[in-house]
Amino acid sequence: MKILSTDDRPHPGTEGTDTVMALPPATATETSEAASATLGEQLLLLSLDDESGTAAEPAKVAPAVAAAALVELALARRIDVTDDMVTVVDATPLGEPALDAALDAVVGRQEPGGTKDWIHRLRTDAVARARASLIAKGLVREEKKKVLGLFPVRRYPEADGSVEAAVRQRLDAVVLSGAAPDERTASLVALLHGAKLHRLAFADADARRVEAAMESVSQDRWSAAAVRHVVKAAEDALTAIIAVVVTTTVVTS
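Sequential numbering from 50 applies to the sequence shown in the working numbering.
Here it is in structure tokens:
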């Protein structure tokens, strides 16, 4: 029995032969649960330990969350990137405080900045706003403690695991099972890949396989060219930033 892809067409006169059209891969679409969280919030959820609330890889997660804000604005057709310069195409607020704050920052700057520049500018506030939003949405809770009875620390353990579970299921479907991503899932994969945060989502999977699959998703034609261009610019900027983070960590350790 011959298996054809969906792009193949039977030759004239072969319509009656024993031929089956292969089904296209299933599409991993963001669920309503996951859609309630921005891409930056999804990244932050992946980085927080469910029980202790401690954050993994904070030096990498911070720029990734900032880059995610730019990607969200691009997906909403609020910004574009031309020659690596971020420009506003629509200043209409989105109704999501963290994203509107990022949009206001870009709108309010007199001269356009590059993607890497904006990731640096947004990183601290982006994480704080994403964290506050997760608390407001009831996905994590804030716990205040003191280390050695002296030093105050804050932890953010899980309060509702439904969103993170939906995100992980979607990532598993795309990266491990080869499902076709929607544009938000592909954007999340590209952000994780650019920030070298593969293990946040796939701690137990083969690292080489995961990285290869993420690279493939990042390079694929999963959305409009304009959106892919912004995501690629953010991914490249993240890669450059993370390279500095890793080098600094090695030198100072």
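Ideal Cβ positions, reconstructed from N, Cα and C, are used throughout, including at glycine.
Just so we're clear, the structure is a prediction, and the values are computed from it rather than from any experiment.
Go through its chain and collect everything with a Cβ distance to residue i's Cβ below 7 Å, but skip five positions before and after it.
i, result
"Lys165", "Ala286, Ala289 and Ile290"
"Glu45", "Residue 45 cannot be examined here, being either before or after the span of the chain that is shown, 50 to 302."
"His278", "Val130"
"Pro161", "Met134, Val135 and Thr136"
"Glu145", "Thr87"
"Val294", "Ala108 and Lys109"
So, at 8 Å on beta carbons, what are the nonlocal neighbours of residue i in its own chain, with the 5 sequence-adjacent residues on each side left out?
i, result
"Glu260", "His242 and His247"
"Glu284", "Ala116, Ala239, Leu240, His242, Gly243 and Ser267"
Can you tell me the Cα-Cα spacing of residue i and residue j, whole angstroms?
i, j, result
"Val276", "Ile184", "29 Å"
"Pro142", "Thr80", "23 Å"
"Asp253", "Val110", "19 Å"
"Gly89", "Ala177", "11 Å"
"Asp255", "Arg204", "30 Å"
"Thr190", "Asp209", "Here residue 190 turns out to be Arg, not Thr, going by the sequence shown. Cα-Cα distance, rounded: 9 Å."
"Val130", "Ala150", "18 Å"
"Arg170", "Thr136", "15 Å"
"Arg127", "Val114", "18 Å"
"Ala215", "Asp221", "10 Å"
"Asp269", "Arg258", "17 Å"
"Glu192", "Ala274", "43 Å"
"Val120", "Gly187", "24 Å"
"Val212", "Leu197", "34 Å"
"Ala292", "Lys245", "9 Å"
"Met263", "Gln159", "36 Å"
"Ser265", "Thr173", "30 Å"
"Lys195", "Asp139", "45 Å"
"Leu249", "Ala105", "8 Å"
"Asp132", "Trp167", "14 Å"
"Phe251", "Lys281", "22 Å"
"Ala235", "Ala147", "21 Å"
For the alpha helix (DSSP H) that residue i lies in, which residues bound it at each end?
i, result
"Glu260", "Ala256 to Gln268"
"Val224", "It is not in any alpha helix (DSSP H) - Val224 carries neither H nor E in the DSSP assignment."
"Pro206", "Careful: Pro206 lies outside any alpha helix (DSSP H) and carries neither H nor E."
"Asp149", "Pro146 to Gly157"
"Lys186", "Element bounds for Lys186: n/a, residue is neither H nor E."
"Ala250", "His247 to Ala250"
"Arg190", "Careful: Arg190 lies outside any alpha helix (DSSP H) and carries neither H nor E."
"Glu79", "Taken as a continuous stretch (DSSP letters only), Glu79 belongs to no alpha helix (DSSP H), as it is neither H nor E."
"Ser236", "Glu232 to Gly243"
Mind checking who residue i pairs with in its DSSP beta bridge?
i, result
"Ala104", "Leu97"
"Pro201", "Lys195"
"Thr136", "Asp129"
"Thr163", "Residue identity check: residue 163 is Gly in the sequence provided, not Thr. Note: Gly163 sits in a beta bridge opposite Met134."
Can you tell me where the beta strand (DSSP E) with residue i in it begins and where it stops?
i, result
"Thr131", "Ile128 to Thr131"
CB-CB under 6 Å to residue i, same chain, minus the five flanking residues each way: which ones, in chain order?
i, result
"Asp99", "Glu207"
Let me check you understand the geometry: is the CB of residue i closer than 6 Å to at least one non-hydrogen atom of the ligand NAP?
i, result
"Asp132", "Within the structure as shown, the ligand NAP is missing, as the structure has no ligands at all."
Item to check | Touch test, the region 153 to 162 against the region 92 to 100, Cβ-Cβ under 8 Å, three pairs minimum | outcome: Short answer: they don't touch.
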